[in-house]
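A quick write-up on the structure given underneath.
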Amino acid sequence: MSNTKFATRAIHAGQSPDPSTGAIMTPVYQTSTFVQESPGKFKENYDYARSANPTRTALEANLASLEGGKFGICFSSGCAAMSAVLHSLSSGDHVVVCDDVYGGTFRLFSRVFSQLGITFTMVDMCDHAATEKAFTAATKLAWVETPTNPMLKIIDIKAIAKIAKAKKCLTVVDNTFSSPYLQNPLELGADIVVHSSTKYIGGHSDVIGGVLIVNDSALADKLHYLQNAVGGVPGPWDCFLQLRSTKTLHVRMKAHCENARAIAQFLESNKKVEKVYYPGLKSHPQHALASEQMRDFGGMISMVVRGGLPAARSFLERVKIFSLGESLGGVESLIEHPAIMTHATIPAENRAKLGIVDGLVRLSVGIEDVNDLIADIDQAL
Ligand SMILES: *Cc1c(COP(=O)(O)O)cnc(C)c1O
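Residue numbers (the working numbering): -2 to 378.
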């Protein structure tokens, strides 16, 4: 399977007909424990379902394959997956984090793990000299998210991984916005890939999940240990839903990218829009890097509506096909206001520095008919 193309792996990797019945699709193994033949003698590694569950095993192998990695480790949410990485650190350790991270990631660093003595420095990772300077003798991880959220900056994964490696630190890449279809950080030198599979991997806004993917077997052992010890594991039904979703990931991603490209071009030519952030536009400052690092540019667009908060508010109230809501990556189009919604936990002065102004609106472009989506935006503007 490892030498086949993405679409084939999406449908087949990690899955084979169920050995007891021949069921073509991996069943939902809704069980908490497994019967042992003799004390300590059980089938494969199945003794208790927090430690392992066959539906989860299939999903873990499938997602590892899609990222071009050896080991997949699934969690009940993206936050649980990120927490497992941070639990591998000790009090006194330090992390260098890109300045424009997901709000929940910022909260995890600033409110939860900081209480346990783990410190972090946020830095604009587009500035490699500043990034290098942010490392201290205590640094253990570089934490990258690209494209960033919500400013859609592109960070050079290869360059950051090289800096981190020289400092004997691991590089973690949150690849949620790209999905494994558009970008594979392990190939670019990253050590750990994180996904909130709630987003593009799940793709239908009906499941919460997270995954870590690594190549190094000692690192995989450590993370598997934490998965079991801390216990934020996904249920088998959620794993089944995600396996169903990965089978169409390539088809959905192509449609997301195509629709987003057309909408970004429409927005850029509209007078009511002050600025459009989309890595696929030639006007994007890191368009060249995005073209090199990603296979296409994804389904996320940020834009600044002329007229500040009142204009943004009325735009958000008027859309009909786009739904006003947090989250992203589903087949349906979503729209939101970062300063009030997803990024409210980030202090106002940090938001201003990042460019999260009151007129900023973020779109998660779905796979509906693109002309309907453009007409909806047009009438709402
Ligand atoms: C949603 C999200 C997360 C958190 O994942 P949950 O599944 O909501 O816990 C982490 N990183 C990014 C980039 C996200 O969009």
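For each residue, glycine too, the CB sits at the ideal point set by N, CA and C.
What you are looking at is a predicted structure, and each value in this text was computed from that prediction instead of being measured.
Suppose contacts are defined by Cβ-Cβ distances below 7 angstroms. Is residue i in contact with residue j by that definition?
{"i": "F174", "j": "M297", "result": "yes"}
{"i": "P233", "j": "G206", "result": "no"}
{"i": "L216", "j": "L56", "result": "no"}
{"i": "L209", "j": "A78", "result": "yes"}
{"i": "G66", "j": "N212", "result": "yes"}
{"i": "C166", "j": "T118", "result": "no"}
{"i": "V316", "j": "K272", "result": "no"}
{"i": "V92", "j": "L138", "result": "yes"}
{"i": "L325", "j": "I332", "result": "no"}
{"i": "F68", "j": "G229", "result": "no"}
{"i": "L370", "j": "S330", "result": "yes"}
{"i": "L183", "j": "I70", "result": "no"}
{"i": "D373", "j": "I318", "result": "yes"}
{"i": "D293", "j": "L179", "result": "yes"}
{"i": "G100", "j": "H340", "result": "yes"}
{"i": "L278", "j": "A261", "result": "yes"}
{"i": "D96", "j": "V120", "result": "yes"}
{"i": "I151", "j": "L286", "result": "yes"}
{"i": "N59", "j": "A127", "result": "no"}
Using alpha carbons as the reference points, say which of the options lies closest to residue i.
{"i": "M338", "options": "A226, M(-2), K268, P147", "result": "P147"}
{"i": "T245", "options": "K150, L306, S176", "result": "S176"}
{"i": "R310", "options": "L86, A257, A336", "result": "A336"}
{"i": "P282", "options": "D124, K251, A187, L138", "result": "D124"}
{"i": "D90", "options": "V82, G229, A49", "result": "V82"}
{"i": "A257", "options": "L220, T342, E365", "result": "E365"}
{"i": "P276", "options": "S299, M250, D355, S80", "result": "S299"}
{"i": "I115", "options": "G100, V170, S87", "result": "S87"}
{"i": "H334", "options": "K350, P307, I260", "result": "P307"}
{"i": "F312", "options": "L286, Q290, L378", "result": "L378"}
{"i": "G327", "options": "K196, K269, G37", "result": "K196"}
{"i": "M381", "options": "P144, C76, F237, F110", "result": "Only positions -2 to 378 of the chain appear in this structure, which leaves residue 381 out of reach."}
{"i": "S74", "options": "P36, S111, V204", "result": "V204"}
{"i": "T342", "options": "F103, V362, H284, K268", "result": "F103"}
{"i": "G304", "options": "G295, P344, K268, P14", "result": "K268"}
{"i": "L63", "options": "N0, T128, E255", "result": "N0"}
{"i": "H192", "options": "H201, V170, K155, S202", "result": "V170"}
{"i": "Y26", "options": "L185, G199, P16", "result": "P16"}
{"i": "H250", "options": "A345, A58, S280, V362", "result": "Just to set this straight, residue 250 is Met in the shown sequence, not His. Nearest of A345, A58, S280, V362 to M250, Cα basis: V362."}
Let's see if you can read the secondary structure: which residues bound the beta strand (DSSP E) around residue i?
{"i": "V25", "result": "Premise fails: V25 is in no beta strand (DSSP E) and is neither H nor E."}
{"i": "E329", "result": "E329 -> no beta strand (DSSP E), and no H or E assigned at all."}
Could you tell me the boundaries of the alpha helix (DSSP H) in which residue i lies?
{"i": "R258", "result": "246 to 265"}
{"i": "V82", "result": "75 to 84"}
{"i": "A20", "result": "From DSSP, A20 is part of no alpha helix (DSSP H); its letter is neither H nor E."}
{"i": "G305", "result": "305 to 315"}
{"i": "Q239", "result": "233 to 243"}
DSSP puts residue i in a beta bridge; with which residues?
{"i": "L209", "result": "I70, V191"}
{"i": "E142", "result": "D171"}
{"i": "Y274", "result": "S299"}
{"i": "L378", "result": "None; L378 has no bridge partner."}
{"i": "L321", "result": "I332"}
{"i": "T136", "result": "H91"}
When you compare the CB of residue i with every CB in chain B, is at least one pair closer than 7 angstroms?
{"i": "S330", "result": "In summary, chain B is missing from the structure at hand, where a single protein chain is found."}
With a floor of 4 residues, list each alpha helix (DSSP H) that falls wholly inside the segment 36 to 123, ordered by position along the chain. 51 to 63, 75 to 84, 100 to 104
Entirely enclosed alpha helix (DSSP H) segments - the segment 342 to 368, minimum 4 residues: 345 to 351
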